[in-house]
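Here the structure comes first, spelled out in structure tokens, and everything after it is commentary.
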Amino acid sequence: MPHPDLDAPGLSQAAASTSESYTAPIDIIPAEILHKIFEALDSSADWTTPSVLRASHVCRLWRQLIHASSAFWSQLDLFTSNAEVDLHAAYWLDRAGSQPLSITIRSYRSKEGLETVSEDIVRVRLDRLRGVLQPTMARWVSFSAIIQPDLIESFFSGFRGMTPSLKSMSICAAFWNEDAGGDEDEDDWNEYDYLALPIHVPFFGDPHHAPGAIQGISVRATDCVPTFATFGLSITDLELNIEQGAPIHSYTVLDMLRTCPNLKELVLAGIDLIPSIVQSENPRLVELSQLTYLLVDGLKGIENVLIFIHAPSVQRVYHRYLEWNDRLSVALFQISGSSNFIVDFRIWPNANIKSNNWDYVPRFRGWPITLGAVEHFVVATPPFLRLLSIPNAHILSLANVPFDVVRLLALSTTHLENATLAAISQCPATLHPIFIRKTGKCRFTHIFKYF
1 MPHPDLDAPG
11 LSQAAASTSE
21 SYTAPIDIIP
31 AEILHKIFEA
41 LDSSADWTTP
51 SVLRASHVCR
61 LWRQLIHASS
71 AFWSQLDLFT
81 SNAEVDLHAA
91 YWLDRAGSQP
101 LSITIRSYRS
111 KEGLETVSED
121 IVRVRLDRLR
131 GVLQPTMARW
141 VSFSAIIQPD
151 LIESFFSGFR
161 GMTPSLKSMS
171 ICAAFWNEDA
181 GGDEDEDDWN
191 EYDYLALPIH
201 VPFFGDPHHA
211 PGAIQGISVR
221 ATDCVPTFAT
231 FGLSITDLEL
241 NIEQGAPIHS
251 YTVLDMLRTC
261 PNLKELVLAG
271 IDLIPSIVQS
281 ENPRLVELSQ
291 LTYLLVDGLK
301 GIENVLIFIH
311 APSVQRVYHR
321 YLEWNDRLSV
331 ALFQISGSSN
341 FIVDFRIWPN
351 ANIKSNNWDY
361 VPRFRGWPIT
371 LGAVEHFVVA
381 TPPFLRLLSI
391 PNAHILSLAN
401 VPFDVVRLLA
411 LSTTHLENAT
421 LAAISQCPAT
431 LHPIFIRKTG
441 KCRFTHIFKY
451 F
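Number 451 marks the last residue of the sequence shown (the UniProt record's numbering); no jumps.
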């Protein structure tokens, strides 16, 4: 029976007019198909399954279209909990044809289906999987592996081949599926109280690159310290995360950096509550002549690495959760003094450190230091500030510092445009104006209470 509203006067004419206009493809998909799409994509408990694979379950037509595309098969999610992980990889690789490959290796597909197997069994599975993957190394564009600490070294050491197309790589020594896209809980974390041994990654870069040409590869390593073959010459972005409690020697980290001489960005991160890096005897200096970005984030003992890095081109230096000591003060002095290009310099101390750390005076040789290129300056540690001059700073942000330090730094610059001052102490009873030597307007914002 016709719906009365559809036969109402005027509606038929509107429908005819609409039929002559463009109709988006989504508008012609039947509602029942859309419902199946929503159910497949949003209600799936298997959070590791790629969305396109879920979409292939909607209907036969979609399955045929998706499975007929070699690009669909080029993104491999592989799980060592699967007893036939090597056969699974071979099946997908066969259908991927000559497509560039993105490969991810993890422990398990879903938490509910996690099986407990011995280390020897997992080792055999990884060996078989490596045999399947190795012939395809030339087509890798991204590679990510989360492997338990005892097996990660042997897994990588067995690879031999060129990776001329590789753009990103992630290596993690762990049991859980870190960054897998689902929520982590306490059962996801491994109970290991030691760090995996340094591992060697025997990948080789493109031998046909022109001399001096940098491929530009991004690498992230978690709870392992990799060194690289000639592949390391193409690494421009490197992030090291130390999240486990066992200390490692500084020469281990320095050896890693030495195999990546063309780094442009370096992130060294960890947990500030545990000693992560211990001092080594007689380590050699590492030259990072192209490094422009350095971030240290809560990695305790990092001074034992920084003091042996020479980065004459660094432009941005960030150090979060800093805790002063003599070696760290010398390391920061060397970094800030060896580069004439630092435009952004920021230091945040650890909020949990003892109050007497605020009174620590850095032992710089040849102070004061002039950071002539700095435009953006954020430091919240008073003793360090007394030893600096920032004549070209455009932005100044100071917190928990005495008034005389504010005056000192404000008068040292002739380009100040914006200043943020918070919790300034030791203010005199009578405040005298601070005359900023600048042609133009200086705006002070976010001036909080003095105490």
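All C-beta atoms, glycine included, are put in the ideal place defined by N, C-alpha and C.
Quiz item: How would you call aspartate 404, buried or exposed, if buried means at least 16 neighbouring beta carbons within 10 angstroms?
Solution: Taking the sequence shown and counting its residues from 1, the one referred to as residue 404 is at position 404. By the 10 Å Cβ count, aspartate 404 comes out exposed.
Quiz prompt | Bounding residues of the beta strand (DSSP E) (the contiguous stretch that carries glutamine 75) | solution = As a working mapping, residue 75 is identified with position 75 in the sequence shown. For glutamine 75, the uninterrupted beta strand (DSSP E) segment begins and ends at 75-79.
Self-check item: Classification of leucine 371 by the beta-carbon crowding that lies within 10 angstroms, buried from 16 upward
Solution: Within the sequence shown, the letter at position 371 stands for residue 371. So leucine 371 ends up on the buried side.
Quiz item: Where glycine 232 and glycine 205 are concerned, what is the direct C-alpha to C-alpha distance, given to the nearest angstrom?
Solution: Looking up residue 232 in the sequence shown gives position 232. Looking up residue 205 in the sequence shown gives position 205. Distance between the alpha carbons of glycine 232 and glycine 205 is about 8 Å.
Exercise. Starting from the Cα of leucine 76, find the closest Cα among Ala145, Val122, Ile29, Gln315 and give me that residue.
Key: Here residue 76 corresponds to residue number 76 of the sequence shown, with the count starting at 1. Nearest option by C-alpha distance: Ala145.
Practice problem: Inspect the CB distances between the stretch 81-97 and the stretch 120-139 and report whether three or more fall short of 8 Å. | Solution: Using a C-beta cut-off of 8 Å, the stretch 81-97 makes contact with the stretch 120-139, since at least three inter-stretch Cβ pairs fall below that distance.
Self-check item: Beta-carbon gap between isoleucine 81 and proline 100 smaller than 8 Å
Solution: Residue mapping note: residue 81 aligns to position 81 of the sequence shown, counting from 1. Residue mapping note: residue 100 aligns to position 100 of the sequence shown, counting from 1. At residue 81 the sequence reads serine, which differs from the isoleucine that was named. Not closer than 8 Å, so no.
Quiz prompt | proline 265, DSSP secondary structure in three states | solution = If you number the sequence shown from 1, residue 265 lands on position 265. For the sequence presented, residue 265 should be read as glutamate rather than proline. Glutamate 265 carries a strand assignment under DSSP once its states are collapsed to helix, strand and coil.
Quiz item: Does DSSP put leucine 421 in a helix, a strand or coil?
Solution: Start at 1 with the first residue of the sequence shown, and residue 421 comes out as number 421. Strand at leucine 421.
Self-check item: Endpoints, the alpha helix (DSSP H) within which methionine 256 is located
Solution: Locating residue 256 in the sequence shown gives position 256, counting from the first residue. That run of the alpha helix (DSSP H) goes 250-258.
Quiz item: Between phenylalanine 345 and serine 313, which are expected to be in contact by the criterion C-beta below 8 Å, what is the C-beta distance as a whole number of angstroms?
Solution: In the sequence shown, residue 345 corresponds to position 345, counting from 1. In the sequence shown, residue 313 corresponds to position 313, counting from 1. About 15 Å; that fails the 8 Å criterion.
Quiz item: Among the residues of its own chain, which have a CB less than 7 Å from the CB of glycine 298, if the five just before and after it don't count?
Solution: Locating residue 298 in the sequence shown gives position 298, counting from the first residue. The answer, listed in chain order, is Ala269, Gly270, Ile271, Asp272, Arg320, Tyr321.
Quiz prompt | Buried versus exposed call for aspartate 120 [16 or more other C-beta atoms within 10 Å across all chains shown] | solution = As a working mapping, residue 120 is identified with position 120 in the sequence shown. With fewer than 16 other Cβ atoms within 10 Å, it is exposed.
Self-check item: Minimum C-alpha distance to isoleucine 307 - residue among His394, Pro428, Ser280
Solution: Within the sequence shown, the letter at position 307 stands for residue 307. Considering only alpha carbons, the answer is Ser280.
Exercise. Express the C-alpha separation of valine 124 and leucine 257 in angstroms, rounding to a whole number.
Key: Locating residue 257 in the sequence shown gives position 257, where the first residue counts as 1. Locating residue 124 in the sequence shown gives position 124, where the first residue counts as 1. About 32 Å.
Self-check item: Outcome for residue 472 when other beta-carbon atoms lying within 10 angstroms are tallied against a minimum of 16
Solution: Past the boundaries of the shown model lies residue 472; the chain is included only from 1 to 451, so the question cannot be answered.
Self-check item: Residues of its chain near aspartate 179, where Cβ-Cβ distance is below 7 Å and the 5 sequence neighbours each way are ignored
Solution: Along the sequence shown, one-based indexing puts residue 179 at 179. At aspartate 179 the pLDDT is 46, less than 50, meaning the model places this residue with poor confidence and gives no usable figure here.
Quiz item: Apart from the five residues just before and just after phenylalanine 377, which ones in its own chain have a Cβ nearer than 6 Å to its Cβ?
Solution: As a first step, residue 377 is located in the sequence shown; it is residue number 377 there, counting from the start. Here the set comprises Phe345, Ile390, Ala393, Leu396.
Quiz item: For threonine 104, which residues of its own chain have a beta-carbon under 6 Å away from its beta-carbon, when the five flanking residues on both sides are left out?
Solution: Along the sequence shown, read from residue 1 onward, the residue named residue 104 stands at position 104. These residues qualify, in order along the chain: Asp77, Ser144.
Quiz item: Does the distance from the CB of valine 401 to the CB of leucine 387 come in under 8 Å?
Solution: Residue numbering aside, residue 401 sits at position 401 when the sequence shown is read from its first letter. Residue numbering aside, residue 387 sits at position 387 when the sequence shown is read from its first letter. For the pair valine 401 and leucine 387, the CB atoms are not nearer than the 8 Å cut-off.
Quiz prompt | Delimiting residues of the alpha helix (DSSP H) encompassing glutamate 119 | solution = Along the sequence shown, one-based indexing puts residue 119 at 119. It spans 119-133 - the alpha helix (DSSP H) in which glutamate 119 sits, taken as one unbroken run.
Quiz item: Of the choices Leu294, Leu288, Ala229, Gly301, whose alpha-carbon is the least far from that of isoleucine 242?
Solution: Within the sequence shown, the letter at position 242 stands for residue 242. Comparing Cα-Cα distances from isoleucine 242 to each of Leu294, Leu288, Ala229, Gly301, the minimum goes to Gly301.
Practice problem: Evaluate valine 374 with the Cβ neighbour count: other Cβ atoms within 10 Å of its Cβ, from every protein chain shown; 16 or more gives buried, anything less gives exposed. | Solution: Counted from its first residue, the sequence shown places residue 374 at position 374. Classification for valine 374: buried.
Quiz item: Run through DSSP, which three-state label would histidine 67 get?
Solution: Counting from 1 along the sequence shown, the entry for residue 67 is found at position 67. Histidine 67: helix per DSSP, three-state reduction.
Self-check item: For methionine 162 and alanine 138, believed in contact at Cβ under 8 Å, the rounded distance
Solution: Reading the sequence shown from its first residue, position 138 is the one you call residue 138. Reading the sequence shown from its first residue, position 162 is the one you call residue 162. Between methionine 162 and alanine 138 the Cβ distance is about 6 Å, and since that is below 8 Å, they are a contact.
Quiz item: Smallest Cα separation from isoleucine 369: which of Trp348, Ala399, Leu398, Ser338?
Solution: Locating residue 369 in the sequence shown gives position 369, counting from the first residue. Of Trp348, Ala399, Leu398, Ser338, the residue nearest in Cα terms is Ser338.
Practice problem: Specify the secondary structure class of valine 314 as computed by DSSP and reduced to three states. | Solution: Here the question's residue 314 lines up with position 314 in the sequence shown. Three-state result, valine 314: coil.
Quiz prompt | Range of the contiguous beta strand (DSSP E) that encloses arginine 346 | solution = As a working mapping, residue 346 is identified with position 346 in the sequence shown. That run of the beta strand (DSSP E) goes 344-349.
Quiz item: By Cβ distance, which residues of its chain are closer than 6 Å to serine 218, with the 5 residues on each side in sequence left out?
Solution: What you label residue 218 is simply residue 218 of the sequence shown in a count that begins at 1. Result list for serine 218: Ser168, Asp237, in chain order.
Quiz item: Do the CB positions of tyrosine 318 and leucine 295 come within less than 8 Å of each other?
Solution: By 1-based counting over the sequence shown, the position of residue 318 is 318. By 1-based counting over the sequence shown, the position of residue 295 is 295. For tyrosine 318 and leucine 295, yes; Cβs fall inside 8 Å.
Exercise. Could you give the DSSP three-state label for phenylalanine 159: helix, strand or coil?
Key: Locating residue 159 in the sequence shown gives position 159, counting from the first residue. Coil, per DSSP.
Quiz item: For threonine 222, which three-state DSSP category applies?
Solution: Translated into the one-based positions of the sequence shown, residue 222 becomes position 222. DSSP, reduced to helix, strand and coil, places threonine 222 within a strand of the structure shown.
Quiz item: Taking the alpha-carbon positions, what's the valine 122 to valine 267 distance?
Solution: Numbered from 1 along the sequence shown, position 122 holds the residue referred to as residue 122. Numbered from 1 along the sequence shown, position 267 holds the residue referred to as residue 267. Taken atom to atom, the span from the alpha-carbon of valine 122 to that of valine 267 is near 31 Å.
Exercise. May I ask you to report which of helix, strand or coil DSSP gives glycine 270?
Key: Reading the sequence shown from its first residue, position 270 is the one you call residue 270. Judged by DSSP in its simplified three-state form, glycine 270 adopts strand.
Quiz item: In chain order, what residues of the same chain lie with their CB nearer than 7 Å to the CB of histidine 249, ignoring the 5 residues before and after it?
Solution: In the sequence shown, counting from the first residue as 1, residue 249 sits at position 249. The beta carbon of histidine 249 lies closer than 7 Å to those of Val278, Ser280 in the same chain, with the five residues before and after it left out.
Quiz item: Straight-line CA distance for isoleucine 29 to serine 165?
Solution: Numbered from 1 along the sequence shown, position 29 holds the residue referred to as residue 29. Numbered from 1 along the sequence shown, position 165 holds the residue referred to as residue 165. Cα atoms of isoleucine 29 and serine 165: separation of roughly 39 Å, rounded to the nearest angstrom.
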